[in-house]
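What follows is a short report on a single structure.
Numbering (mature numbering (1 follows the signal peptide of the UniProt record, and there is no 0)), first residue to last: -19 to -1, 1 to 396.
What follows is the structure in structure tokens.
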């Protein structure tokens, strides 16, 4: 049985949904659970986790909301009193727990607001991917040696509630894993000298997080549109080092999530999609040890600037994106990408944003079209404090680089 995102397939007065149930492939159901293409097929009650209004994921990451990355949020970071600190762990340790809890609460209450969600919808976006750290489950944190802000779950509930009310699909992404899945990366929540995640006791903590988050998703109405949980973001690109993750953590993550859902009485058509990095990422084949991949999904991050096989010219970037095949595991969402270019050319005349709007507009279209050959895309990120729209969807729309009518990218395709 292949798995698929339960996405909308058609435009209609009915909120149509695409559901794949065991033994039934590509069946279309209405909001009443009736199969409108095959009335004889067995249908379950409609899932509240199906993506409304589109047949492709078109979304943005809420980067630096719950896992702050100082490089893209320097003003907020300095305002919080974290200037000079490399990660959330370092800032909390420097400020002290109580002060840190307050400044992070202020940040969570202001970085992404309900107005942001409304603006996303007005721009034709249907999905948000929300990076979070395992420390949201506060009893997982080692009080004597780990330092993370407390109180974030309330704010996650708020943003998920706004997104759910707006009809958006939500992906919860375990961005910061116990022990850090990569070294010296603030996106893990800590600037760890070595990746400490790849050990059984750290997997156990992550599995406990997944059970807890799954329970919250199914029991909290504000999280009702969370349809996918990504069980770790960007593990090391080393199949040998990641082998225990592939062989132990991934299958155990599946089992623990499904057992939790079973204990809650969740029917299979209401299961969460369980997302892992696509084999193209370089950590190994995520399916190699899975005995069950029902409602599995895969994440691919495509930053052309890091692909040394693509010459750093505008024509090469357009051509590479037009020809891009982000296949591998299926179904795949390109969960992170941007309009960024290499550091050594980003501010030169040929690449500077304000005088090269036409190129970046064409390159956005080329990338988005390529990623919609899969299940869609989630841009990194909704906003950034860089004065540079190449990392900020919101600023790119303001600059006229990204259209609010996303279907128009096909009319203006550079490919």
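Every residue, glycine too, gets a C-beta built ideally from N, C-alpha and C.
With fewer than 16 other beta carbons inside 10 angstroms of its own, residue 328 counts as exposed. Pairwise C-beta distances place the segment 177 to 184 out of contact with the segment 53 to 64, as fewer than three of them are shorter than 8 Å. When beta bridges are read from the DSSP output, residue 112 appears opposite 154. Closest by C-alpha distance to residue 193, out of 178, 351, 116, is 116.
Residue 278 has 256 as its beta-bridge partners, per DSSP.
In this chain, the beta strand (DSSP E) harbouring residue 359 covers 357 to 360. Under the rule that a run must span 4 or more residues, the alpha helix (DSSP H) segments found entirely inside the segment 162 to 244 read 181 to 200, 231 to 244. Annotation: residue 54 to residue 95 spans about 19 Å, alpha carbon to alpha carbon.
Classified as buried, residue 144 has 16 or more neighbouring CB atoms from the shown chains inside 10 Å of its CB. Per DSSP, residue 39 lies in no alpha helix (DSSP H); the unbroken beta strand (DSSP E) holding it starts and ends at 38 to 42. When DSSP states are grouped into helix, strand and coil, residue 131 belongs to the coil group. Note that the C-beta distance between residue 206 and residue 156 is not below 8 Å.
Closest in alpha carbon position to residue 396, among 299, 375, 246, is 299. In the assembly as shown, residue 174 is an exposed residue. Its beta-carbon has fewer than 16 other beta-carbons within 10 Å. For residue 350, the enclosing alpha helix (DSSP H) begins and ends at 338 to 352. A straight-line Cα-Cα distance of about 9 Å links residue 389 and residue 346. Taking the Cβ atoms as the reference, residue 357 lies roughly 4 Å from residue 37, within the contact range of under 8 Å.
Between the segment 373 to 390 and the segment 136 to 143 there are fewer than three inter-stretch CB-CB distances shorter than 8 Å, so the stretches are not counted as touching. Shortest Cα-Cα distance from residue 337 to any of 239, 295, 313 involves 295.
Residue state for residue 311 is assigned as coil, using DSSP reduced to three classes. Taking 8 Å as the cut-off, the Cβ atoms of residue 142 and residue 129 do not count as close.
In its chain, beyond the 5 residues on either side, 82, 119 have a beta carbon closer than 6 Å to the beta carbon of residue 131.
Nearest C-alpha to residue 267 among 310, 392, 321: 310. With fewer than 16 other beta carbons inside 10 angstroms of its own, residue 330 counts as exposed.
Nearest C-alpha to residue 243 among 272, 261, 220, 196: 196. Excluding residues up to 5 positions away in sequence, 172 lie with their Cβ nearer than 7 Å to the Cβ of residue 71 in the same chain. Residue 149 and residue 271 have their C-alpha atoms some 30 Å from each other. Of the other Cβ atoms in all chains shown, fewer than 16 fall within 10 Å of the Cβ of residue 219; this residue is therefore exposed. Minimum Cα-Cα distance from residue 378 among the listed residues 77, 100, 163 corresponds to 100.
Rounded to the nearest whole angstrom, the CA to CA distance from residue 40 to residue 259 is 18 Å. According to DSSP, residue pairing for residue 317 in a beta bridge involves 282. Residue burial is scored here from C-beta neighbours: residue 45 has at least 16 other C-beta atoms within 10 angstroms and is therefore classed as buried. For residue 394 and residue 362, the gap between their C-alpha atoms comes out near 23 Å.
Beta-carbon to beta-carbon, residue 121 and residue 189 are separated by about 6 Å, close enough to satisfy the 8 Å threshold. With a contact defined as Cβ atoms closer than 8 Å, residue 231 and residue 257 qualify at about 6 Å.
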